[in-house]
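Asks:
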Amino acid sequence: MSRALIGLIKVLSLNQVNWSNPIKIKSRQETIINLYRRLFGRERLPNDKSYWSMAGQCYFEGKYVDSEYDQVIKSGLVSPDQFNGVELNKDIHDANCNICGSNWHQGHFSEAVAANLSSNPGIVRHDDTTFPRTCVGDFAELMYVLEDTSDIMVTFTMAIKARGHKSSIYDLSSVLSEHVLFMDTFYDGKWNFSKDCYVYISSIAGTEMATVYFWK
Numbered sequence: 059m060s061r062a063l064i065g066l067i068k069v070l071s072l073n074q075v076n077w078s079n080p081i082k083i084k085s086r087q088e089t090i091i092n093l094y095r096r097l098f099g100r101e102r103l104p105n106d107k108s109y110w111s112m113a114g115q116c117y118f119e120g121k122y123v124d125s126e127y128d129q130v131i132k133s134g135l136v137s138p139d140q141f142n143g144v145e146l147n148k149d150i151h152d153a154n155c156n157i158c159g160s161n162w163h164q165g166h167f168s169e170a171v172a173a174n175l176s177s178n179p180g181i182v183r184h185d186d187t188t189f190p191r192t193c194v195g196d197f198a199e200l201m202y203v204l205e206d207t208s209d210i211m212v213t214f215t216m217a218i219k220a221r222g223h224k225s226s227i228y229d230l231s232s233v234l235s236e237h238v239l240f241m242d243t244f245y246d247g248k249w250n251f252s253k254d255c256y257v258y259i260s261s262i263a264g265t266e267m268a269t270v271y272f273w274k
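Counting from 1 along the sequence shown, just add 58 to a position and that's the residue number in the numbering used here.
1. Could you compute how far the alpha carbon of Ser260 sits from the alpha carbon of Tyr127?
2. Quick check on DSSP: helix, strand or coil for Pro179?
3. According to DSSP, is Tyr258 helix, strand or coil?
4. Taking 8 Å as the threshold, find out whether the region 203 to 211 comes into contact with the region 128 to 145 through three or more Cβ pairs.
5. Please go through the same chain and pick out, in chain order, the residues whose beta-carbon is closer than 6 Å to the beta-carbon of His237, but skip the five residues on each side of it.
6. Just the Cα atoms here: how many angstroms apart are Thr89 and Ala113?
7. From which residue to which residue does the beta strand (DSSP E) around Ala268 run?
8. Could you have a look at Ala172 and say whether DSSP puts it in helix, strand or coil?
9. Starting from Glu145, follow the beta strand (DSSP E) in both directions and report where the run begins and ends.
10. I need the boundaries of the alpha helix (DSSP H) containing Thr243, first residue and last residue.
11. Label Thr243 either buried or exposed according to how many other C-beta atoms from any shown protein chain fall within 10 Å of its C-beta, with 16 as the threshold for buried.
12. Just the C-alpha distance for Lys274 and Lys148, rounded to the nearest angstrom, thanks.
13. Does DSSP put Ile218 in a helix, a strand or coil?
14. With 16 as the cutoff for other CB atoms within 10 Å, does Phe214 come out buried or exposed?
15. Going by alpha carbons, who is nearest to Glu169 out of Lys84, Gly143, Tyr256, Cys155?
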């Protein structure tokens with residue numbers, strides 16, 4: 059097999075998700091852009107704050123149209139230099155690094171945030187595809203990292219229905235309340251929490267997703 063063909067296969071395999079799906083665009087608008095503006099009464103993140111996300115793939119074949127990165131930048135919520143995208147997959151991380159002027163990190167999300175607290179996080183988006191009981195440990199770890207950070211919004215997205223398995227927002231509440239690290243961090247960090255959540259059906263296998271949010 060030629061090197062050119064190997065390269066083509068690698069590039070195609072990185073086209074993981076159609077980020078331009080209207081459902082995803084609407085969910086990002088509601089759970090990031092509109093939510094921040096409503097909670098803090100300002101149109102954009104202050105210049106001394108940073109935006110952190112499990113960004114996934116934001117770049118493909120010279121384009122990043124309709125990715126989370128593209129959407130929050132075009133909305134005016136953040137500027138490119140405030141954006142921090144974290145990815146475990148090296149190939150996806152390397153592809154994202156083609157977007158100059160922003161910050162791309164490879165590794166575990168909470169560890170990347172912890173290593174860069176000097177960036178003064180203002181919006182942190184933890185986006186998981188597993189059920190609450192599976193991902194609550196990672197989220198608790200992230201909240202612990204951000205315990206002493208102020209003027210911040212954190213969103214937590216997880217699956218509540220997929221492939222015959224079903225959970226609910228009430229299960230999430232129970233799972234969080236049973237997690238000692240999370241509860242200690244929640245009270246010590248003086249977080250606000252809304253009982254409202256945003257629920258939508260993902261375009262991937264019809265998975266039902268829910269987003270809850272914390273702020274202070």
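The beta carbon of each residue, even a glycine, is placed where N, CA and C say it ideally should be.
Replies: The relevant details are as follows:
1. Residue numbering aside, residue 260 sits at position 202 when the sequence shown is read from its first letter. Residue numbering aside, residue 127 sits at position 69 when the sequence shown is read from its first letter. C-alpha separation (whole angstroms): 19 Å.
2. By one-based count along the sequence shown, residue 179 stands at place 121. Here Pro179 sits in strand by DSSP.
3. Within the sequence shown, the letter at position 200 stands for residue 258. Looking at Tyr258 - three-state DSSP - the assignment turns out to be strand.
4. no
5. The residue you call residue 237 lines up with position 179 of the sequence shown. Taken in chain order, the residues that qualify are Val194, Ala198.
6. Along the sequence shown, one-based indexing puts residue 89 at 31. Along the sequence shown, one-based indexing puts residue 113 at 55. Taking the straight line joining both Cα atoms gives about 15 Å.
7. For the purposes of this step, residue 268 is taken as residue 210 along the sequence shown, with counting starting at 1. Residues 266 to 273.
8. Within the sequence shown, residue 172 is the residue found at index 114, counting from 1. If DSSP states are grouped into helix, strand and coil, Ala172 belongs with the helices.
9. Translated into positions along the sequence shown, residue 145 becomes position 87. Start and end: 141 to 145.
10. Locating residue 243 in the sequence shown gives position 185, where the first residue counts as 1. Taken as a continuous stretch (DSSP letters only), the alpha helix (DSSP H) holding Thr243 covers 238 to 246.
11. Stepping through the sequence shown from its first residue, residue 243 is reached at position 185. Buried, because 16 or more other Cβ atoms sit within 10 Å of the Cβ of Thr243.
12. As a position in the sequence shown, residue 274 is number 216, starting the count at 1. As a position in the sequence shown, residue 148 is number 90, starting the count at 1. Approximately 33 Å, taken between the alpha carbons.
13. The count along the sequence shown starts at 1 and reaches residue 218 at position 160. Of the three classes helix, strand and coil, the one that applies to Ile218 here is strand, per DSSP.
14. The count along the sequence shown starts at 1 and reaches residue 214 at position 156. The residue is buried, with at least 16 neighbouring Cβ atoms inside 10 Å.
15. For the purposes of this step, residue 169 is taken as residue 111 along the sequence shown, with counting starting at 1. Glu169 has its Cα closest to that of Gly143, out of Lys84, Gly143, Tyr256, Cys155.
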